[in-house]
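Residue numbers (this note's numbering): 30 to 530.
Quick reminder that beta carbons are idealized off the backbone N, C-alpha and C, glycines included.
Have a look at the structure below, then the notes.
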Amino acid sequence: MFGTPQRPLKKVMPTAFIAAICEIISGLLCGVLMSIMPLSVSGSPFSLPDLGAGESAGSGTPYLGAGESAGSGTPSVFMEELSPRQLAAKELKARFLAALQRNDGRAVLEILYHSDLDIDTVLEVEDRNMVLASYKQGYWLPGYKLEKSWAMGVHVCVKYNALESLLVLLQKGAAVNRKPNGKTPLHVACEVSQADCVALLLDHGARINSKSLSGHTALHYCITRDSVDCAKQLLFRGGKVNMPSDNNEEDTPLHRAARFGIPQLAALYLSSGAAVNAVNSHKETPLLTAAFWAFDQKEQLYSEDHHLVCRILLDRNADPNIPEEDKKTALHKAAWNCDQVLMQMLLEGGADARAMDINGCAPIQYLLKVTGVRPMGVPHLCYQLLLNHNGARVYPPQFHKVLQACHDFPEAVEILANSYERLKPTRKWRTSIPDDCYKRHQAFYDSLFSVWSDGPRSLMHLARCSVRGALGGMCMASVPRLPLPPSVQRYLLLEPSGALY
Numbered sequence: 030m031f032g033t034p035q036r037p038l039k040k041v042m043p044t045a046f047i048a049a050i051c052e053i054i055s056g057l058l059c060g061v062l063m064s065i066m067p068l069s070v071s072g073s074p075f076s077l078p079d080l081g082a083g084e085s086a087g088s089g090t091p092y093l094g095a096g097e098s099a100g101s102g103t104p105s106v107f108m109e110e111l112s113p114r115q116l117a118a119k120e121l122k123a124r125f126l127a128a129l130q131r132n133d134g135r136a137v138l139e140i141l142y143h144s145d146l147d148i149d150t151v152l153e154v155e156d157r158n159m160v161l162a163s164y165k166q167g168y169w170l171p172g173y174k175l176e177k178s179w180a181m182g183v184h185v186c187v188k189y190n191a192l193e194s195l196l197v198l199l200q201k202g203a204a205v206n207r208k209p210n211g212k213t214p215l216h217v218a219c220e221v222s223q224a225d226c227v228a229l230l231l232d233h234g235a236r237i238n239s240k241s242l243s244g245h246t247a248l249h250y251c252i253t254r255d256s257v258d259c260a261k262q263l264l265f266r267g268g269k270v271n272m273p274s275d276n277n278e279e280d281t282p283l284h285r286a287a288r289f290g291i292p293q294l295a296a297l298y299l300s301s302g303a304a305v306n307a308v309n310s311h312k313e314t315p316l317l318t319a320a321f322w323a324f325d326q327k328e329q330l331y332s333e334d335h336h337l338v339c340r341i342l343l344d345r346n347a348d349p350n351i352p353e354e355d356k357k358t359a360l361h362k363a364a365w366n367c368d369q370v371l372m373q374m375l376l377e378g379g380a381d382a383r384a385m386d387i388n389g390c391a392p393i394q395y396l397l398k399v400t401g402v403r404p405m406g407v408p409h410l411c412y413q414l415l416l417n418h419n420g421a422r423v424y425p426p427q428f429h430k431v432l433q434a435c436h437d438f439p440e441a442v443e444i445l446a447n448s449y450e451r452l453k454p455t456r457k458w459r460t461s462i463p464d465d466c467y468k469r470h471q472a473f474y475d476s477l478f479s480v481w482s483d484g485p486r487s488l489m490h491l492a493r494c495s496v497r498g499a500l501g502g503m504c505m506a507s508v509p510r511l512p513l514p515p516s517v518q519r520y521l522l523l524e525p526s527g528a529l530y
């Protein structure tokens with residue numbers, strides 16, 4: 030029942046146990062140290078090693094020769110010094126790179142003819158702006174850049190617009206679709222806006238819709254005015270204008286044109302069949318993208334090019350009321366930027382001034398949040414536009430929040446106050462206005478408190494409210510058609526006068 034009694038286990042001596050653990054840890058540390066030390070010695074943990082005769086030419090993937098350290102070719106403390114053969118190969122590749130960069134086709138041809146250098150050998154090229162490199166999202170820390178990239182000779186020629194050398198390589202059968210650092214030569218040509226290089230590459234079999242490691246096609250890299258000719262050639266040869274990027278954004282080329290504010294590209298893509306209301310992974314249309322980027326937060330300036338892109342999109346029947354994933358429309362974004370020009374464009378194009386985002390905020394609430402931090406904006410015109418296009422008004426008991434946001438913009442306060450038939454002042458009104466601001470605009474604020482504290486407003490104001498109410502809030506479209514003098518029309522449209530009556 031109880032079975033055979035088991036023999037007690039022998040106790041392991043503490044010293045033997047500790048010795049065994051130390052031996053295991055020592056072995057692991059040695060392995061890790063041997064694998065990382067060559068990289069730390071070179072000073073460039075991701076740079077391409079100088080290749081000896083044993084370079085992999087088929088895939089463009091390099092490997093270390095005997096005695097080389099990763100990066101600069103500096104002898105490693107764990108490896109032998111470079112052999113004469115490897116030093117000669119290193120010097121040959123340096124001469125080859127220099128000839129490509131200075132567009133010396135004769136020298137390039139001579140090197141290829143008199144040596145066994147692989148025409149598709151991978152080179153290490155200075156690339157501070159990462160023109161030659163492309164990485165998957167999440168591979169690098171934000172803002173982290175490498176100073177050098179891997180590239181083949183064709184990539185180098187395209188980067189430096191070395192047409193003579195490029196033609197030599199292509200005629201000798203250089204590969205045109207490899208990505209040693211994530212981009213094909215065609216991607217690079219479009220990024221640096223070299224239309225002649227694009228034509229040569231396409232003539233020699235470059236794949237038009239091939240994607241870089243970051244998921245972009247060549248059309249996605251056309252993001253400047255100078256790249257319009259590149260885009261034309263790609264579209265003529267079969268580039269897919271509605272292909273989304275294969276990454277977290279899923280932008281189409283039209284989204285990219287809207288993001289960077291290139292009206293010529295936007296018009297080109299639309300005339301080539303681009304979907305004007307295509308959405309990316311954030312449910313943003315190109316119009317939403319252009320509306321957001323129309324304001325440069327750093328320079329505090331508005332972009333006429335982005336405005337023109339929006340105009341082109343609206344003329345092609347872009348829907349201004351399609352919301353993105355947080356239910357914000359293009360008008361929300363324009364209001365956040367205090368962009369009066371774009372707001373007028375969107376409202377005239379049918380934007381809903383009462384649309385609410387996921388938090389129940391209308392465009393006027395976005396405008397209130399940024400009135401004091403948009404020095405280049407004209408906030409009172411933005412409020413006037415919204416209210417004349419049936420925009421939502423602030424809840425009357427919360428009017429002190431208008432004074433908190435707009436206290437330094439009396440014209441905006443006047444327009445908002447005149448949109449009500451009646452308002453009841455509270456103690457919060459006065460405390461919402463800083464003393465120094467009250468002194469600067471004392472005449473206006475005295476009229477504000479007087480008008481709402483002394484009973485009903487004037488008959489003229491009450492008549493204005495009645496007319497605006499009868500027009501259903503769409504005053505901007507209806508008032509100009511009324512048989513009234515221009516001064517009365519301006520009064521109905523809440524034109525500020527500097528005081529309340």
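Here the alpha carbons of A247 and G389 stand approximately 40 Å from one another. Each residue's CA atom was taken as its position, placing A286 and V221 some 16 Å apart. In chain order, V270, P282, L283, A286 place their CB closer than 7 Å to the CB of Y298, counting only its own chain and leaving out the 5 sequence neighbours on each side. Distance between L111 and L230, taken at the CA atoms: about 37 Å. For L376, the enclosing alpha helix (DSSP H) has its first and last residue at 369-377. In terms of Cα proximity to D355, the closest of S310, H335, I148, Q518 is S310.
Contact between G406 and C367 holds: their C-beta atoms lie close to 3 Å from each other, under 8 Å. Sixteen is the threshold: since fewer than 16 other Cβ atoms of the shown chains lie within 10 Å of the Cβ of G484, the residue is exposed. Each residue's CA atom was taken as its position, placing D255 and M272 some 22 Å apart. In this model, R266 and A228 are separated by some 10 Å (Cα to Cα). In the assembly as shown, E278 is a buried residue. Its beta-carbon has 16 or more other beta-carbons within 10 Å. For the stretch 327-357, there is no continuous beta strand (DSSP E) assignment of 3+ residues that stays within its boundaries.
Counted as a single uninterrupted DSSP element, the alpha helix (DSSP H) harbouring L477 occupies residues 471-482. With contacts defined by Cβ atoms closer than 8 Å, F428 and H409 do not form a contacting pair. Taking every protein chain shown into account, the CB of T460 has fewer than 16 other CB atoms within 10 angstroms, so this residue is exposed. Residues V270, N271 of the same chain have their beta carbon placed closer than 8 Å to that of G302, with the five preceding and five following residues left out of the count. With a cut-off of 8 Å on Cβ pairs, the stretch 179-193 is in contact with the stretch 143-156, counting three or more such pairs.
Taking C-beta separations shorter than 7 Å and ignoring five residues to either side along the sequence, the partners of L521 in its chain run R493, V496, R497, C504, V508, following chain order. Residue pairing from DSSP leaves K122 without any beta-bridge partner.
For D325, the pairing in a beta bridge is given by DSSP as L330.
The DSSP-derived three-state label of S461 is coil. DSSP lists A180 as the beta-bridge partner residues of L152.
Cβ-Cβ separation between V338 and P292: approximately 5 Å, consistent with a contact (criterion under 8 Å). Runs of the beta strand (DSSP E) lying entirely within the stretch 202-238 and spanning at least 3 residues: none are present. Taking C-beta atoms as the reference points, N350 and A384 count as a pair closer than 8 Å.
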